Amino acid sequence: MKLNYVKLTGYAGLERGSNLSEIEIDFSKQQHKLCLIIGKNKSGKSTFLNALHPLPDDNSSFLHDRQGSKELVYDTDSGLISLQIIHPLNNKGERATTKGYFKKFINNKWVELNPNGNISSYKDLVESTFGLDPSFLALSKLSSEDRGIVDKTPANRKKFITSRLEHLEVYNNIGRTMTKRVNALKGMINSITAKIDSIGNEDSLNLKLNTVMKRIDDLTVAKEECIKIKVKFETLVDTLDPDKTIIDKYNSMIESLNQISSTIESQSKKLVELFNTDSLEDIKNIINNSIKKLEKEIDKLEKEMYSIDAILPNLLAENEEQSKLIELKSQRLESLQSDMNYKDIKSLYKLTKEQIEKCEEIFRSMNVANPDSISKDEYILALNTLKEIKSHISILQNVMFSDMIMDVLSKVLSNYDFMKERNSLEEAMRINNERKNELNILINKYEAEVKRLDVLKNRPNKCKIDSCYFISEAVEIAKTKPEEKLEESNKELSEVYDRLANLDAEYSELDMAMECASNLRLIMRDIENNKILLLKLPHGEDFVNIQYLVDSILNGESFQVMDDIYQTISNANIFDVYRLAKQKLSELSSEMKIYESKNEVIDELIKDISNIKTKLSSIMEQLDDIQNKKYYTKTLLEDKNIELTKYKGLLVIIGEVENTINTKINLEKKLDEISDTSTKIKDYIVQVNMYNDRLTSISNELKPLSQERDKINYSIRMLKQYKEEYKYYSDKYNLSEIIRKHTVPTTGIQLIFMDIFMGKTIKMANQLLQNFFNGDLLLDENYVINEQEFRLPCYDIPSGIINDDISNCSTSEKCMLGMLISYVLLCQSATDYNVLRLDEIDSGLDYNNRINFIPMIYTMIEELGIEQTFMISHSSEMELSNVDIIQLSGASSNNISGNIIYKL
8 MKLNYVKLTG YAGLERGSNL SEIEIDFSKQ QHKLCLIIGK NKSGKSTFLN
58 ALHPLPDDNS SFLHDRQGSK ELVYDTDSGL ISLQIIHPLN NKGERATTKG
108 YFKKFINNKW VELNPNGNIS SYKDLVESTF GLDPSFLALS KLSSEDRGIV
158 DKTPANRKKF ITSRLEHLEV YNNIGRTMTK RVNALKGMIN SITAKIDSIG
208 NEDSLNLKLN TVMKRIDDLT VAKEECIKIK VKFETLVDTL DPDKTIIDKY
258 NSMIESLNQI SSTIESQSKK LVELFNTDSL EDIKNIINNS IKKLEKEIDK
308 LEKEMYSIDA ILPNLLAENE EQSKLIELKS QRLESLQSDM NYKDIKSLYK
358 LTKEQIEKCE EIFRSMNVAN PDSISKDEYI LALNTLKEIK SHISILQNVM
408 FSDMIMDVLS KVLSNYDFMK ERNSLEEAMR INNERKNELN ILINKYEAEV
458 KRLDVLKNRP NKCKIDSCYF ISEAVEIAKT KPEEKLEESN KELSEVYDRL
508 ANLDAEYSEL DMAMECASNL RLIMRDIENN KILLLKLPHG EDFVNIQYLV
558 DSILNGESFQ VMDDIYQTIS NANIFDVYRL AKQKLSELSS EMKIYESKNE
608 VIDELIKDIS NIKTKLSSIM EQLDDIQNKK YYTKTLLEDK NIELTKYKGL
658 LVIIGEVENT INTKINLEKK LDEISDTSTK IKDYIVQVNM YNDRLTSISN
708 ELKPLSQERD KINYSIRMLK QYKEEYKYYS DKYNLSEIIR KHTVPTTGIQ
758 LIFMDIFMGK TIKMANQLLQ NFFNGDLLLD ENYVINEQEF RLPCYDIPSG
808 IINDDISNCS TSEKCMLGML ISYVLLCQSA TDYNVLRLDE IDSGLDYNNR
858 INFIPMIYTM IEELGIEQTF MISHSSEMEL SNVDIIQLSG ASSNNISGNI
908 IYKL
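Residue numbers for the sequence shown follow the numbering used here, so the first one is 8 and each next one is one higher.
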């Protein structure tokens with residue numbers, strides 16, 4: 008099976024990384040079984056690789072405001088298959104239901120097998136046609152983060168392996184069914200046991216039932232006796248009060264009388280507390296006298312308020328007039344005066360002049376001859392440029408550059424092309440690496456042929472039959488002289504290694520020269536860009552002379568003067584202070600001259616303003632006195648009015664108390680008339696209520712007792728039923744547990760099948776491992792599979808060291824072991840789908856293994872019969888002449904010798 012065509016639309020990773028809203032590739036252009044996807048980081052490579060499978064992608068893979076889709080065409084043994092998956096948007100711009108369409112090319116036309124686009128039926132068609140499920144898909148796509156079975160826990164490893172054994176599904180189904188049944192039966196038994204325990208012992212229940220029944224009989228007799236006595240007292244009440252009104256009237260009168268007495272007591276208490284007498288008449292006289300006195304005082308205070316209100320407007324008008332006059336004169340004074348007086352100006356002029364002298368002293372300490380010619384920002388820029396030059400000089404002072412710096416400077420000044428020399432070295436290294444790989448392959452071949460010649464050494468002397476099956480192959484090999492070819496190849500390989508070592512040394516030296524040139528160029532750039540500013544610094548003529556700087560480096564100069572000059576950056580603000588101070592001094596000088604001509608007018612205005620302020624102060628004092636007097640009079644008037652209102656209110660309360668006393672006297676007369684009859688009726692009612700309470704108490708006790716009796720009878724019946732059910736379910740549970748134990752994957756027959764399957768898997772993986780790591784690493788056939796463990800040990804042949812599990816191997820070993828085991832499992836699965844995807848699986852390999860990675864991949868592809876493989880890699884060591892290439896954003900086609908089938 009091969010992928011012939013793909014079209015992806017609306018994938019966020021491709022849009023973000025390579026500005027591709029749509030990508031379409033025809034894989035019929037492929038010439039090889041391996042296709043490499045290259046591009047810069049975040050160019051959408053992983054997004055593209057992840058989408059190369061026939062199942063729907065997650066909605067998060069797509070641009071949120073755009074419809075996404077994927078179209079794939081596969082060439083299978085049964086013909087062409089076209090798949091289309093659409094992730095649409097609804098009218099609100101939200102992601103709608105995903106649709107999937109499955110077409111097959113039958114009788115020279117396309118036939119749609121999933122016309123309604125239902126995604127569930129689409130997945131069923133894919134699974135049945137390709138033999139594809141999510142766990143299988145996990146085998147076909149590996150990355151540096153997911154290396155397949157290597158990174159899985161023991162439980163997940165076992166689950167993963169058993170999912171590949173389709174013929175175990177019947178046992179797994181039985182095991183799942185029996186597990187559910189055992190758990191259900193166990194739950195039933197636990198539930199029944201809990202119910203039996205909650206009910207209790209049958210003998211205890213019978214004893215409790217007898218006690219409850221006896222108490223019910225005793226309470227029934229007592230209830231009948233209470234009813235007889237209660238009826239007797241109810242008859243007496245009906246005789247005395249047939250219409251049931253006497254008691255209500257009596258109680259109503261008592262309640263009213265209590266309320267009236269309480270009201271009288273409360274009001275009388277307040278009046279006594281206020282006036283120290285309980286005579287209402289005396290209190291009324293006191294209140295009337297107080298009211299007359301308050302009315303006279305209030306009349307007097309109102310007359311005082313009137314006289315104050317007549318004086319106040321005149322004083323306010325005069326105050327406003329004087330305030331306006333002082334405002335006018337003050338404005339004129341301000342127009343003549345500056346913000347400060349002459350004395351302040353003279354003082355500030357002196358301080359500014361002293362500040363300028365201090366700045367000039369600092370400039371002298373900084374060796375700055377002409378501070379007016381350079382600004383603060385220019386000075387800081389010059390110092391920072393000097394610091395950059397010093398940092399590059401520090402790098403060039405490294406002992407590694409001392410022998411080459413003059414030569415490099417000469418090349419830099421003549422615009423020598425270092426990259427051309429570097430490309431030449433890289434090309435030579437590539438050619439020698441290719442030859443090294445070819446020789447390694449030949450040596451492995453010749454060593455295998457030499458090993459096969461051992462059969463001739465062990466051949467019996469009398470045996471002369473070359474056509475023997477065991478001898479014929481060795482005889483043919485001997486004719487090709489593999490020992491001589493092996494020796495020649497090893498000799499040439501040694502020469503290649505020597506050339507590579509020399510080239511590597513030249514490459515390292517060129518790297519140092521390029522680093523040296525880079526720093527020299529940076530120094531020259533800094534000098535060129537800021538030469539004018541550097542010349543304004545002390546020793547500036549030296550700092551802009553590149554030849555002087557290089558000579559000083561070679562002479563071991565420490566360039567302490569640069570550091571000393573840079574330390575003055577802390578005084579950079581002095582340039583702004585100096586400039587502002589000189590400007591301020593000029594302004595103050597002008598102001599002093601203007602101020603001296605206005606002195607006489609200013610003095611007269613100051614005198615007038617002082618006189619007005621004195622008069623205004625006198626007016627304000629009068630206003631304050633009148634305002635205070637008005638406030639005091641007004642407050643006193645308000646207090647007197649409040650007191651008058653209080654006394655008038657007390658007169659009203661006294662009238663209400665007198666009316667309430669009269670009402671109480673009339674009510675007491677009526678109450679005496681019905682008091683005797685009411686007393687007898689109340690006594691009888693008390694007896695009736697007492698027996699009612701007794702009947703209620705008996706009924707309250709009888710009800711729970713009856714319920715308890717019924718509950719005990721029900722518990723006795725249920726106890727018998729639960730015991731029968733317990734025996735029935737216990738027998739079924741014991742039988743089901745036996746069947747479950749022999750059908751679940753952890754303890755059942757599946758372990759036997761897994762041992763056979765894993766033995767075959769390890770054998771195939773070891774055959775492939777002979778092509779990796781020089782054949783030094785093998786999987787141990789003594790793997791461990793039980794309920795707690797699933798370990799796959801491996802051992803290193805040269806050292807004889809056994810690794811307890813493949814997860815404890817080195818990073819490179821885990822990468823390759825994970826890939827080989829996963830793809831061997833894939834090969835053993837009954838499916839037509841064999842399109843593999845690798846996402847930077849080689850990132851953990853060393854230099855030599857990355858160089859040999861492509862040949863090793865091809866060996867695995869041929870051994871396992873894989874039709875098509877897609878891979879992402881950032882390895883620069885790979886030889887790409889025998890791969891197809893898809894180039895995304897940021898990928899350069901320079902020096903790529905492979906077959907480019909797509910280029911952005």
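All C-beta atoms, glycine included, are put in the ideal place defined by N, C-alpha and C. Note that the coordinates shown come from a computational prediction; the quantities given were computed from them, not determined experimentally.
- Here the alpha carbons of Tyr721 and Asp204 stand approximately 15 Å from one another.
- Annotation note: the region 483-550 contains the following uninterrupted alpha helix (DSSP H) runs of length 4 or greater, listed N- to C-terminal: 489-536, 538-542 and 547-550.
- Between Cys822 and Gly851, the C-beta spacing is below 8 Å.
- Within the same chain, and ignoring the five residues on either side of Ala229 in sequence, the residues whose Cβ sits closer than 7 Å to its Cβ are Ile705.
- Judged by DSSP in its simplified three-state form, Cys816 adopts coil rather than helix or strand.
- Sorting Lys767, Ile369 and Met426 by C-alpha distance to the C-alpha of Ser577 places Ile369 at the top.
- As the crow flies, the alpha-carbon of Ser624 is around 23 Å from that of Tyr639.
- Each of Thr218, Gly24 and Phe240 was checked against the Cα of Asp690, and the nearest Cα belongs to Phe240.
- Here the C-alpha atom of Pro800 lies approximately 11 Å from the C-alpha atom of Leu824.
- Residues of the same chain with a CB within less than 6 Å of the CB of Ile93, apart from the 5 flanking positions on each side, are Ser76 and Lys106 in chain order.
- Annotation: the continuous beta strand (DSSP E) that includes Phe112 extends over Lys106 to Ile113.
- Per DSSP, reduced to three states, the secondary structure at Leu595 is helical.
- Taking a cut-off of 8 Å on C-beta distances, the region 452-465 does not touch the region 857-876, as fewer than three cross pairs fall below it.
- Of the candidates Glu516, Leu449 and Ala435, Glu516 places its Cα closest to the Cα of Asp410.
- Runs of the beta strand (DSSP E) lying entirely within the region 16-55 and spanning at least 3 residues, in chain order: 29-33 and 41-45.
- Distance from the Cα of Asn447 is smallest, within the candidate group Thr652, Ile412, Lys498 and Ser401, for Lys498.
- Pro63 is not a Cβ neighbour of Phe137, given a cutoff of 8 Å.
- Pairing Glu847 with Asp158, the inter-Cα distance amounts to about 16 Å.
- Counting along the chain, no beta strand (DSSP E) covers Tyr840, and no H or E run does either.
- Counting along the chain, the unbroken alpha helix (DSSP H) around Phe425 starts and ends at Phe425 to Arg459.
- Only residues of its own chain outside the window of five on either side were considered, and among them Met878, Val890 and Ile892 have a CB closer than 6 Å to the CB of Leu43, listed in chain order.
- Ranked by how close their Cα comes to the Cα of Arg857, the residues Met867, Ser880 and Leu709 have Ser880 in first place.
- By the criterion of a C-beta distance shorter than 8 Å, Glu325 is surrounded in its chain by Ile626, once the five residues flanking it on both sides are discounted.
- Tyr790 sits in coil when the DSSP states are folded into three classes, being neither helix nor strand.
- Across the structure, Asp505 and Asp518 are spaced so that their CA atoms are roughly 20 Å apart.
- Excluding five sequence positions before and after Ile809, the CB atoms of its chain that fall closer than 7 Å to its own CB belong to Asp787, Pro800 and Tyr802, given in chain order.
- A check of alpha carbon separations from Leu540 across Glu428, Leu15, Lys710 and Asn391 identifies Asn391 as the nearest.
- In the displayed model, His94 falls within a strand according to three-state DSSP.
- If you draw a straight line from the Cα of Ile619 to the Cα of Ile633, it is about 21 Å long.
- A Cβ-Cβ separation of about 6 Å places Leu432 in contact with Leu510 under the 8 Å criterion.
- Counting only runs of 4 or more residues that sit fully inside the region 345-412, the alpha helix (DSSP H) segments are 349-372 and 383-403, in chain order.
- Between the region 103-123 and the region 72-91 there are three or more inter-stretch CB-CB distances shorter than 8 Å, so the stretches are counted as touching.
- Rounded to the nearest angstrom, the Cβ distance from Tyr909 to Ile32 is 5 Å, consistent with a contact under 8 Å.
- For Lys99, the closest of Gln714, Asn121, Gln74 and Pro122 by C-alpha to C-alpha distance is Gln74.
- Residues Glu31 and Glu78 of the same chain have their beta carbon placed closer than 6 Å to that of Lys14, with the five preceding and five following residues left out of the count.
- Annotation: Ser85 is outside any alpha helix (DSSP H) and is labelled neither H nor E by DSSP.
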